[in-house]
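Numbered continuously in the working numbering, the sequence shown closes out at residue 1539.
The next block holds one structure in the form of structure tokens; read it before the comments.
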Amino acid sequence: MATMTWTRRHILSLEDFTTTEYEAVLQTAASFREVISRRTKKVPALQGQVVANMFFEPSTRTRSSFELAAKRLSADILNFSPGTSSLTKGETILDTAKTYLAMGANIMTIRHRQAGVPQAIADEMDRLKSGVSILNAGDGVHQHPSQALLDLFTLTNLLDKDNPRLELLSGKKMAIVGDILHSRVARSNIYSLTAAGAQVHLAAPPTLLPRLFLDLVSRDNLYLHWELQPALENADFVMTLRLQKERMSNNFIPSLREYHLHYGITRDRLKVCHPNVKVLHPGPVNRGVEITSDLMDDPNLSLIGDQVTSGVAVRMALLYLIGSSKD
Ligand code: CP
């Protein structure tokens, strides 16, 4: 388990995450990966603490893995569903959070389609001097820190299972392809991967990767391409992103077929990558649009299943680091 003293109360963004914090998450997740490979997968680390999963937007992976992670740490769980909650009667999000606070929640995981909602709840919890921690589980197009941390763990774990650490990614080339404009996953991954010293190459049509993106997310070792080939050449890893139709207010692409023709990841297109290239996708996937079905299901090329598996150990690590610092 990581030996550093964890001081961060909320995890809202990776923009200001330190190298020490990344390493602590990787080491702690490695310990929990070992724990959950045992017959008895539970530890009493968060016994008596209450984790409230407040998902105002749909989720399968993030919500379920935060729930499983909290259960494996022996926390008590409150699961919130907006459709059957008092939100439908006009209760505000902040009043909903304060209701969970009054029930004794110690940690709240928040997903919302609007950027900034986890920050607003964190500010309110701090104003009330509640001591509650907020974990951003994905807010609009802003950030998805736990996804980028599980991606980091998946990659470093692949390179050294016994000691996943940042330096393993130094100099590696990662191509991130697809709907970057609407992707909180891309924004968080840009921070974590460049912090590890990786070269990050973004590729998308200009409508989904405007030049001003560099003003929003400016980092060394970050490159923009409006064609796929230069991003894929010699890439060690290719992360393909879902076309987020629910966040698109305009016609950003001529058609899904056209998009696949120019930017879809196929077995043939990977031939210009490093011979050991691996493909990632945060999910959910539009099969046959951003990636072909056969590639997605190929265990020699696809890390998509590993990403989901890593999600439990990484979210255990985040809950543990934040929860145990409360003691
Ligand atoms: N990757 C991700 O956030 O997936 P879910 O929307 O299913 O949680």
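Virtual Cβ for every residue (Gly too), placed ideally from N, Cα, C.
- [ ] Go ahead and pull the three-state DSSP assignment for VAL1262.
- [x] As a first step, residue 1262 is located in the sequence shown; it is residue number 50 there, counting from the start. Looking at VAL1262 - three-state DSSP - the assignment turns out to be strand.
TODO: Assign ASN1369 to one of three DSSP states: helix, strand, or coil.
DONE: As a first step, residue 1369 is located in the sequence shown; it is residue number 157 there, counting from the start. ASN1369: helix per DSSP, three-state reduction.
Open item on the list: Does GLY1500 come out as helix, strand or coil in the three-state DSSP assignment?
Closed with: For this step, residue 1500 is matched to residue 288 along the sequence shown. Correct three-state label for GLY1500: coil.
- [ ] Count the other CB atoms, across all protein chains shown, that sit within 10 Å of the CB of THR1217; report buried if there are 16 or more and exposed otherwise.
- [x] Residue mapping note: residue 1217 aligns to position 5 of the sequence shown, counting from 1. In the assembly as shown, THR1217 is an exposed residue. Its beta-carbon has fewer than 16 other beta-carbons within 10 Å.
Open item on the list: At 3 residues or longer, what runs of the beta strand (DSSP E) sit wholly inside the region 1255 to 1304?
Closed with: 1262 to 1267 and 1288 to 1292
Open item on the list: Please tell me whether ALA1408 and LEU1440 are closer than 8 Å, where the distance is taken between their beta carbons.
Closed with: Reading the sequence shown from its first residue, position 196 is the one you call residue 1408. Reading the sequence shown from its first residue, position 228 is the one you call residue 1440. Their beta carbons are not under 8 Å apart, which means ALA1408 does not touch LEU1440 by this criterion.
Task: ILE1305 versus ASN1433 - alpha carbon distance - done: Taking the sequence shown and counting its residues from 1, one reaches residue 1305 at position 93. Taking the sequence shown and counting its residues from 1, one reaches residue 1433 at position 221. In a straight line, the C-alpha of ILE1305 is about 38 Å away from that of ASN1433.
Task: By C-beta, the residues closer than 7 Å to any heavy atom of the ligand CP, given in chain order - done: PRO1270, SER1271, THR1272, ARG1273, THR1274, ARG1275, GLY1350, HIS1356, GLN1359, VAL1397, PRO1494, GLY1495 and PRO1496
Task: For ASP1351, three-class secondary structure by DSSP - done: Walking along the sequence shown from the start, residue 1351 turns up at place 139. The answer is strand: DSSP assigns ASP1351 an E or B state.
Open item on the list: So, with DSSP's three-state summary, where would you put SER1467?
Closed with: On the sequence shown, position 255 is the one that residue 1467 refers to. If DSSP states are grouped into helix, strand and coil, SER1467 belongs with coil.
- [ ] Please confirm if the region 1228 to 1240 is in contact with the region 1254 to 1269, defined as three or more CB-CB distances below 8 Å between the two stretches.
- [x] With a cut-off of 8 Å, the region 1254 to 1269 and the region 1228 to 1240 do not count as touching, because too few Cβ pairs lie within range.
Task: Identified DSSP bridge partners for ILE1477 - done: Position 265 of the sequence shown, counting from 1, holds the residue named residue 1477. ILE1503, per the DSSP bridge assignment.
Task: PHE1449 versus GLU1336, GLU1470 and HIS1493, residue with shortest Cα-Cα distance - done: Here residue 1449 corresponds to residue number 237 of the sequence shown, with the count starting at 1. Nearest of GLU1336, GLU1470 and HIS1493 to PHE1449, Cα basis: HIS1493.
TODO: Determine the DSSP secondary structure at LYS1483, reduced to helix, strand or coil.
DONE: Stepping through the sequence shown from its first residue, residue 1483 is reached at position 271. LYS1483 falls in the helix class under three-state DSSP.
TODO: Within the same chain, show all residues whose beta-carbon is closer than 8 Å to that of ILE1465, passing over the 5 residues directly before and after it, in chain order.
DONE: Counting from one through the sequence shown, the residue named residue 1465 turns up at place 253. So the qualifying residues of the chain are PRO1417, THR1419, LEU1420, LEU1455 and TYR1471.
- [ ] Would you mind giving the Cβ-Cβ distance between MET1337 and LEU1364, rounded to the nearest angstrom? I have them listed as a contact below 8 Å.
- [x] In the sequence shown, residue 1337 corresponds to position 125, counting from 1. In the sequence shown, residue 1364 corresponds to position 152, counting from 1. Incorrect: roughly 27 Å between the Cβ atoms, too far for contact.
Task: Where SER1187 falls: helix, strand or coil (DSSP) - done: Missing from the structure shown is residue 1187; the chain here goes from 1213 to 1539 and no further.
TODO: Could you tell me whether the Cβ atoms of ILE1503 and GLY1476 are closer together than 8 Å?
DONE: Here residue 1503 corresponds to residue number 291 of the sequence shown, with the count starting at 1. Here residue 1476 corresponds to residue number 264 of the sequence shown, with the count starting at 1. In this structure, GLY1476 lies closer than 8 Å to ILE1503 by Cβ.
- [ ] Return the bridge partner residues of MET1320 from the DSSP annotation.
- [x] By 1-based counting over the sequence shown, the position of residue 1320 is 108. According to DSSP, MET1320 bridges with ALA1264 and ILE1346.
- [ ] With THR1559 as the anchor, note down where its beta strand (DSSP E) starts and where it stops.
- [x] With the chain covering only 1213 through 1539, there is no way to say anything about residue 1559.
Task: Under 8 Å between C-beta atoms of ALA1334 and LEU1224 - done: Residue 1334 sits at position 122 when you count from the first residue of the sequence shown. Residue 1224 sits at position 12 when you count from the first residue of the sequence shown. In this structure, LEU1224 lies closer than 8 Å to ALA1334 by Cβ.
TODO: Just confirm the distance between the C-beta atoms of ARG1396 and ASP1351, as a whole number of angstroms; I'd bet it's less than 8 Å.
DONE: As a first step, residue 1396 is located in the sequence shown; it is residue number 184 there, counting from the start. As a first step, residue 1351 is located in the sequence shown; it is residue number 139 there, counting from the start. Confirmed, about 7 Å.
TODO: Give me whichever residues DSSP pairs with HIS1356 in a beta bridge.
DONE: Translated into positions along the sequence shown, residue 1356 becomes position 144. Beta-bridge annotation (DSSP): HIS1356 is not paired with any residue.
Open item on the list: Are the CB atoms of LEU1513 and LYS1490 within a distance shorter than 8 Å?
Closed with: Walking along the sequence shown from the start, residue 1490 turns up at place 278. Walking along the sequence shown from the start, residue 1513 turns up at place 301. Contact: yes.
TODO: Could you tell me if PRO1496 is buried or exposed, where buried requires 16 or more neighbouring beta carbons within 10 angstroms of its beta carbon?
DONE: Within the sequence shown, residue 1496 is the residue found at index 284, counting from 1. Flag for PRO1496 reads exposed.
Task: LEU1348 and GLN1355 closer than 8 Å at C-beta - done: For the purposes of this step, residue 1348 is taken as the residue at position 136 of the sequence shown. For the purposes of this step, residue 1355 is taken as the residue at position 143 of the sequence shown. The sequence as given places Asn at residue 1348; Leu does not occur at that position. Result yes, Cβ atoms of ASN1348 and GLN1355 sit closer than 8 Å.
Task: Paired residues, beta bridge with VAL1412 - DSSP - done: Start at 1 with the first residue of the sequence shown, and residue 1412 comes out as number 200. According to DSSP, VAL1412 shares a beta bridge with MET1386 and LEU1434.
Open item on the list: Please return the same chain residues whose Cβ sits closer than 6 Å to the Cβ of GLN1326, not counting the five positions on each side in sequence.
Closed with: Position 114 of the sequence shown holds residue 1326. If we look at GLN1326 and ignore the five residues flanking it on each side, its Cβ neighbours are GLY1352.
Open item on the list: Only counting the same chain, and skipping five residues up and downstream in sequence, which positions put a Cβ closer than 6 Å to that of GLN1331?
Closed with: Numbered from 1 along the sequence shown, position 119 holds the residue referred to as residue 1331. If we look at GLN1331 and ignore the five residues flanking it on each side, its Cβ neighbours are LEU1224.
- [ ] Note the first and the last residue of the continuous alpha helix (DSSP H) segment covering LEU1380.
- [x] As a working mapping, residue 1380 is identified with position 168 in the sequence shown. No alpha helix (DSSP H) contains LEU1380, which DSSP labels as neither H nor E.
TODO: Could you tell me which of VAL1429, LEU1530 and SER1243 sits nearest to LEU1393, measuring between CA atoms?
DONE: Sequence index remark: in the sequence shown, residue 1393 carries index 181 (1-based). Here the closest residue by C-alpha is VAL1429.
Task: Top-ranked residue by Cα proximity to LEU1178, from SER1297, ASP1518 and TYR1532 - done: Examination of residue 1178 is not possible in this model, given that the chain is present from 1213 through 1539 alone.
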